[in-house]
Amino acid sequence: MPMKKVRKLSGVALELTDPTARFRVNRVDSVAAGMHHSNLGALVEEGNGHANRAFSDDEDDDGKGCCREEEEEARDAVAMELPAIRRMSSAYQGTITGMGGGTQYGGALVQMTREALPRLDNYRNLMSIASGRDKRPTLDELRENAKQQSIQQDGGAGAEARGSKGSVKFGWVQGVMVRCMLNIWGVMLFLRLSWVVAQSGVGEGCLVILLSALVTTLTALSMSAISTNGQVKAGGIYFMISRALGPEFGAAVGLIYSLACAVGTAMHTVGFAESVGDLLRSLGTQIVDGAKNDIRIVGVSAVIIMLCICLIGMSWEAKAQMGLLVILLIAIADFIIGAFVGPTNEEEVAKGFIGLNATLLAHNFWSDYRETDGQMQSFFSIFSIFFPSATGILAGANISGDLKDPSSAIPKGTLLAILVTTISYLVFIVLAGASVLRDATGNATEITGWAFANCTGAHCQWGLHNSFQVMELVSIFGPLIYAGCFAATLSSALASLVSAPKVFQALCADRLYPGLHWFAKGYGKSNEAYRSYALAFLIALAFILIAELNAIAPLISNFFLASYALVNFCTFHATLAKPIGWRPTFKYYNMWFSLAGFVICIAIMFLMSWITAVITLSGLLALYLMVMYRNPDVNWGSSTQAQTYTSAIKSLQRLNEVREHVKNYRPQVLVLCGRPSARPPLVDLGHLLTRNVSLLVVGDVELEPLSHKARNCVVRSGNSWLRRHNIRAFVATVDGCGAGGCGGGQGGSGLDVGARALVQAAGVGKMRPNVLLIGYKADWQSCPPRNLRQYFDVLLMALDHHLGLAVLRNGDFLDYRKILDDDNESAAIEAAARSSTPAPQTPQATPEEEGKEEPEGPPPPLKTNMRSELTVPGNRSPSGSPVVKRNGAPPSTVGDVGAMEGGMFKMFKKGKESEADVYRGIGGVPLPNDVLHKLTYFRRKQGKGVIDVWWLYDDGGLTLLLPYLINTRGNWAGCRLRVFALANSKDNLEMEQISIANLLSKFRIDYSDLTMIRDITQRPLDSSKAFFASLIQNFRGRKTSGVTPDDPEAENAISESELTAQREKTARHLRLRELLLENSKDSNLVVMTLPMPRRGAVSAPLYMAWMETLTRGMPPFLLVRGNQESVLTFYS
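Numbering (my numbering), first residue to last: 49 to 1180.
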């Protein structure tokens, strides 16, 4: 292939470290990248705003050059021979020029770096994981030392482009302007405009036109802003509203607008049938009865023909539209010329056409509303009949998927169409009002003395009021008006018949309403909606059988106005919310104009017919609520989402300025439970305390560093689990807390470091946890010393940060990871971790290290062997059962996890599942009843149970507030609240009981019994002492000599001096155990003030022995300690 002549172009000068060197970069296309010629450094940068050309057209002085088509074919041929990765990106050419001359280096930059060059393809389909993987390398891929992944040839935009290859695409004239004009110049232009002039007069008739133009212009401005704020795809008004306001509004409007377009097809077709009937009557013939049956026959035949044209393809429909436009323009010119020429014979004068006359214009300027078909007409009744003719402004937007450049074509074509058609309607009204009488007898013998204009006591058949054939009468050649009327009605009907299926197909493709996806299937290269065409045809056919134009028109006016109102509201809302992504290139819009358009549309709906308006808005509301209830799994970045974020930020900022008051105290709980699926009872208890009233954060401490993908997997699976269980909470995860991670520094690692990070960083402003909820560590006697110390440090840390502290013990264990079937989650997280940058291998947080409860022995076995915490996809679990897979393959990426979560969430929403169906054992086997009972304890209805509150010490009232909150929840509302309090002495027992009862009454705490404990200082039983001695025997004999102060062994030994110093406190705890066994053994829940862990005064094993003494063998037990600040008050 001969080399093209090269044109010179200087590059972009960049200052380098070497002041004598200049680096020039010239952008070339993929053809130049593949040719590697030595002189490519001087290639031209010739752009048309979108692409750069590598070769000139040999435009020499003689003006001779190769044709552009030959050049493009050559370039395409070379491009197809390039590897896929080099066809996807443009190449760069660098030229380094030194002092002594220049050396040119040619080659594709994409082969020298992993970085992706800025390209349009990188920003397509942002919600697709594959899009980001195939086009732009991830951050991990750029940072790691692995081989760069090759770009798939059939990815992203290429497939999209190939999918659209061969489909018909229209420009702004043929695709938008012509369609809008043809739809606006509809049935009203030739059949009802003269009647509008007769009823409302020239003055109010112009107001009708201008009001319609105002509504459509404001809507067009708003629509232009939306359509230029990014790529517009198929779906027209539905696509724009759903992506701007969200699926709820978009689906409701899309469905109603599709119905309105289908009914509009019937309206225009009936108009066509009426004009055919008038023509037949003028010829003295008829089909059946010359009335409605004729209209039905002609209408049905016409809509069948139009359906066939649409089914052939958009190209044939576009050709038919252009032909109809030519006929329509000739008919318009025929009417205008006829009005200026005037009547050509006396018969025309007798029928009311007297030519342009200033006196007649003045007479017809004022309104003359009369009764029609039993209804007295008014300004807004006239407007309701005329307005559907102005609704064609969306005809171009509705085929946005078939436009070459929707963002440019829609604003330009729509606004010009509104301008041209508005002027034409105004001209028609003035000419009709200035040349035709309102009433005329049609008797040529009465011309003398203008007797033909006097219809007093007689029924006239001619004039603006009585005849719909005024346009034919005025025209210079009547048959052309019939042709124009046919063209106007058929073109509008054809445009409506195309719009309804296109919008409805896009709506059905998004699966927002059940049972409609069947209509989304497309056929052929242009994805023709044949099934939607059939549905629109049936709807139009049903309304054609009404055969009454004035009855059909008002039905759809409210539908169109509601659609336009939401288009205006979209722009107003987006401008008000000010999301970063709201950057329309169309600048001639204003949020207040959009708001005015919204208000005007709603007001006109009620002024036309408040009953129809209420029905329309009720239908919109019902459709909106249906989608909101279904909660489709879509994320389109709507302005509603942006407004939610903006409102949340403003509310948080306002909340941050509000001074705290005890009356507004809310327990904001941080649940230190690991992944939510690991310890459901702990999360359920946190949900009981905070449900619908305060903040709940689920904290997860991971000792092993997680990659970005694995971390996202953990968070997303946690959020999915919370959604499935209808728990409103946030997931907070910290990872890498082993080996000095999480800010632990040298020697600092584990649960305590991660918990400190969560406590300090979780939340924002006043929305941060003030209560830490943690599980009881049941294996404290057998766990490694470091783990026990870390758990104790977490308790101390919570109080150091002035948090309330709650410790839950529910039986022998809380950790259900080895019992519940979560293979999908574990496999997906493991796969995500393996697919990213390998992290340093540190031991994963064991249940003990996370400070959660572990069984003293193994948990109740469901199978012979338990699986490991993370099951590798593709392997079999130790039990021999295959790992749970989705569609025959394990979830291997974060995208798969998202699909898995969405599917599980939708499955959960289809029906209310029992707890036995929600929680399954390994391999999907049912759980034993006792395990299931403990697992779902805080979700079950407790019936007539008892909640015992041992309010031992005044911690600010948190020990009393938490059980009260639990008692207010539905499942626990039947339980009685019993309060136990310590008496200071036996002498004043009655007075102290009265004082506590008075205090509870002032707190408005409803309790059933109040018991004062007077013998707390009594000597404990010998059996209790023996029980306590057995708890600490392994810690009393440990050697502490030769260990450093920081060694866990030094703190995990109980010395004799410590036992002596804490003898009285130990005795009180033993006595409390005896009282608990006596009074609360059969309670549903026991809540007690947590013993105060004093740093340096009590060791970890001794403190754990105290808690073990209180909770061993008891019902679900919650130990609570407030931060010594009041959370209850009796002041109003």
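The beta-carbon is built from N, C-alpha and C at its ideal position, and this holds for glycine as well.
Segment limits, beta strand (DSSP E) that includes residue i
i, result
"Val256", "No beta strand (DSSP E) holds Val256; the alpha helix (DSSP H) holding it covers 241-275."
"Leu853", "852-857"
"Gly823", "819-823"
"Asp978", "Premise fails: Asp978 lies in the alpha helix (DSSP H), 977-983, not in any beta strand (DSSP E)."
"Ile995", "994-999"
"Arg1169", "1165-1169"
"Arg1026", "1024-1030"
"Cys653", "Looking at the sequence itself, residue 653 is Met, so the reference to Cys does not match. First-last for Met653: 639-656, but that is the alpha helix (DSSP H), not the beta strand (DSSP E)."
"Phe778", "778-782"
"Thr1137", "1133-1137"
Burial state of residue i, where buried means 16 or more other Cβ atoms lie within 10 Å
i, result
"Cys356", "exposed"
"Thr1204", "The structure shown does not extend to residue 1204, since the chain is modelled only from 49 through 1180, so no value can be given for it."
"Arg1052", "exposed"
"Thr1157", "buried"
"His316", "buried"
"Tyr473", "buried"
"Ile352", "exposed"
"Asp382", "buried"
"Asp1054", "exposed"
"Ile285", "buried"
"Ser695", "exposed"
Start-to-end residues for the alpha helix (DSSP H) that takes in residue i
i, result
"Val842", "833-848"
"Arg227", "226-232"
"Asp342", "340-360"
"Val301", "295-330"
"Gly526", "526-557"
"Val762", "756-772"
"Met1152", "1148-1159"
Bridge-paired residues (DSSP) for residue i
i, result
"Tyr473", "DSSP lists no partner for Tyr473."
"Met424", "Glu419"
"Arg631", "The partner list for Arg631 (beta bridge, DSSP) is empty, contrary to what the question assumes."
"Met815", "Val812"
"Met1060", "Ala1029"
"Ala488", "Trp510"
"Val720", "Strictly speaking, residue 720 in this sequence is Leu, with Val absent from that position. Looking at the DSSP assignment, Leu720 forms a beta bridge with Gly747, Ile822."
Neighbourhood of residue i by C-beta distance below 7 Å, restricted to the same chain and skipping five residues each side
i, result
"Thr1159", "Tyr824, Arg857, Phe1165"
"Leu1123", "Ile1061"
"Leu464", "Met225"
"Arg1017", "Leu736, Arg739"
"Gly403", "Gly390, Pro391, Ser483"
Spatially closest choice to residue i from the options, by CA coordinates
i, options, result
"Leu770", "Arg291, Asp800, Val731", "Val731"
"Ser1147", "Ser1131, Ala1115, His1117, Glu1106", "Glu1106"
"Ile1080", "Pro817, Val973, Thr1114", "Thr1114"
"Glu1101", "Leu1069, Asp1063, Met1152, Ser1056", "The residue you asked about is not Glu; residue 1101 is Ala in the sequence shown. Nearest option by C-alpha distance: Met1152."
"Ala846", "Leu359, Asp860, Val819, Val1175", "Val819"
"Ser1033", "Asp1063, Ala1021, Ala406", "Asp1063"
"Asn1082", "Ala644, Asn491, Cys831, Val348", "Cys831"
"Asn1132", "Ala1074, Arg987, Val1175, Met656", "Arg987"
"Asn1127", "Gly1022, Tyr581, Trp998, Val336", "Trp998"
"Ser272", "Trp630, Tyr305, Tyr1001, Ser349", "Trp630"
"Leu868", "Pro728, Gln716, Gly852, Ile995", "Pro728"
"Phe1178", "Asp1057, Leu1047, Leu1167", "Leu1047"
Same chain, Cβ closer than 6 Å to residue i, five either side skipped, listed in chain order
i, result
"Val675", "Pro295, Glu296, Ala299, Leu560"
"Lys814", "Leu703, Asn704"
"Phe608", "Ala308, Thr439"
"Asp1000", "It should be pointed out that residue 1000 corresponds to Leu in this sequence rather than to Asp. Closer than 6 Å at Cβ, skipping near neighbours: Leu1030, Thr1137."
"Gly734", "Val717, Val719, Leu744, Leu821"
Same chain, Cβ closer than 8 Å to residue i, five either side skipped, listed in chain order
i, result
"Leu303", "Phe552, Leu555, Tyr561, Leu671"
"Ile466", "Cys228, Ile232, Ala261, Thr264, Thr265, Ala268, Ile441"
"Phe953", "Any reading at Phe953 needs caution, since the residue's pLDDT is 39, under 50, leaving its predicted position unreliable; the model's value is listed next. The residues are Asp681, Ser768, Arg771, Arg772."
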